Amino acid sequence: MRYYTLLLCLTVHIACFLSEHIVIGKETATVTAADPESATSVTTDESSAHDEEQAKTATKEKSSVTDQSQKDATSSESEDKVETEEEPFQAGPLIDLFGPKLQSLKLVDETSAQISEQYTNEALKGKNVIGIYFSADWCGPCRQFTPELVSFYHKMNKRRGQKDKFQIIWVSRCRDVNSHYQYFTHMPWLALPPEEATGARGEMLSNKYKVKGIPTLVLVDDLGQTITTDARNKIPQDKAGIGFPWRNPLSQICSIVFPRPLRMMVKLHLDAVRSKLVHTMKGLFGLGKK
Numbered sequence: 001m002r003y004y005t006l007l008l009c010l011t012v013h014i015a016c017f018l019s020e021h022i023v024i025g026k027e028t029a030t031v032t033a034a035d036p037e038s039a040t041s042v043t044t045d046e047s048s049a050h051d052e053e054q055a056k057t058a059t060k061e062k063s064s065v066t067d068q069s070q071k072d073a074t075s076s077e078s079e080d081k082v083e084t085e086e087e088p089f090q091a092g093p094l095i096d097l098f099g100p101k102l103q104s105l106k107l108v109d110e111t112s113a114q115i116s117e118q119y120t121n122e123a124l125k126g127k128n129v130i131g132i133y134f135s136a137d138w139c140g141p142c143r144q145f146t147p148e149l150v151s152f153y154h155k156m157n158k159r160r161g162q163k164d165k166f167q168i169i170w171v172s173r174c175r176d177v178n179s180h181y182q183y184f185t186h187m188p189w190l191a192l193p194p195e196e197a198t199g200a201r202g203e204m205l206s207n208k209y210k211v212k213g214i215p216t217l218v219l220v221d222d223l224g225q226t227i228t229t230d231a232r233n234k235i236p237q238d239k240a241g242i243g244f245p246w247r248n249p250l251s252q253i254c255s256i257v258f259p260r261p262l263r264m265m266v267k268l269h270l271d272a273v274r275s276k277l278v279h280t281m282k283g284l285f286g287l288g289k290k
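And the structure:
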């Protein structure tokens, strides 16, 4: 009997032992079976995150390339614009006299005006007679003569066959810029910029035409050749402008007989000879040496 009882107990212990190992095996198998899914899930998540990051990087690179292309295009357009707005080359006797640019003034209303700049050769194209007017707002005789000159200017430019052939360049002797532009509102013609008029160019013109006082009106032709330096006194004597521009007879004959291109060629040749002669004389007397 004891033998059977012992055998039964042994059998129960073996059964319990086997039962515990089977459960543990199942749990281990379950965990093992779940691990690949977990690993796959983790791997998939990491792969998805990596793909998203690559996509973001590609988008940023594409955006950067697009921005750079836009900047390059804008830069190219700016360079093209600068090249387009490059000032034209100007040369000739009128450029030597007045410089590359002249100013005009247009009244916008009773209290404001618009200042514009024009290229000298374009502004004076087709003008046969050009006046160089030295005057200032503080000068009483200038304030008296300017309205008379305005009337004469309009009258000459309405003449049959001579319409808009007369232009005037004002060389200001005003003491400041505000006075310059205030006085300019009374004039329908062009002017040197104030810094030019009161600077070296204005001084050069004053010396060239031996201006001793103001108002002074000098007339030159389209080649810059002097017609008269006394137009200030000619206008009151010939208000109808019958003798305008008061050329001397020899000059009048030359302007009729010799065409403009030939006169231009002769003038350039004479200027070159004069310049060469002055340079030679300076060399002989050592005037160019310091």
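According to the UniProt record's numbering, the sequence shown is numbered sequentially starting from 1. Don't be surprised by glycine CBs; every beta carbon is placed ideally from N, CA and C. Everything numeric in this text was worked out from a predicted model, so none of it was measured.
The continuous alpha helix (DSSP H) containing residue 96 extends over residues 93-98. Between the stretch 203-213 and the stretch 102-114, the count of Cβ pairs shorter than 8 Å is below three; the stretches do not touch.
Bridge partners of residue 171 according to DSSP: 134. The beta carbons of residue 105 and residue 184 sit closer together than 8 Å.
By the Cβ-count criterion, residue 280 is exposed, with fewer than 16 other Cβ atoms from all chains shown falling within 10 Å of its own Cβ. Distance between residue 142 and residue 91, taken at the CA atoms: about 32 Å. The residue from 224, 248, 222 and 244 with its alpha-carbon nearest to that of residue 232 is 244. Following the DSSP letters along the chain, one finds residue 106 in no alpha helix (DSSP H) but inside the beta strand (DSSP E) bounded by residues 101-107. For residue 87, there is no enclosing alpha helix (DSSP H), as DSSP marks it with neither H nor E.
Boundaries of the alpha helix (DSSP H) around residue 205: 200-208. Nearest C-alpha to residue 220 among 169, 201, 238 and 137: 169.
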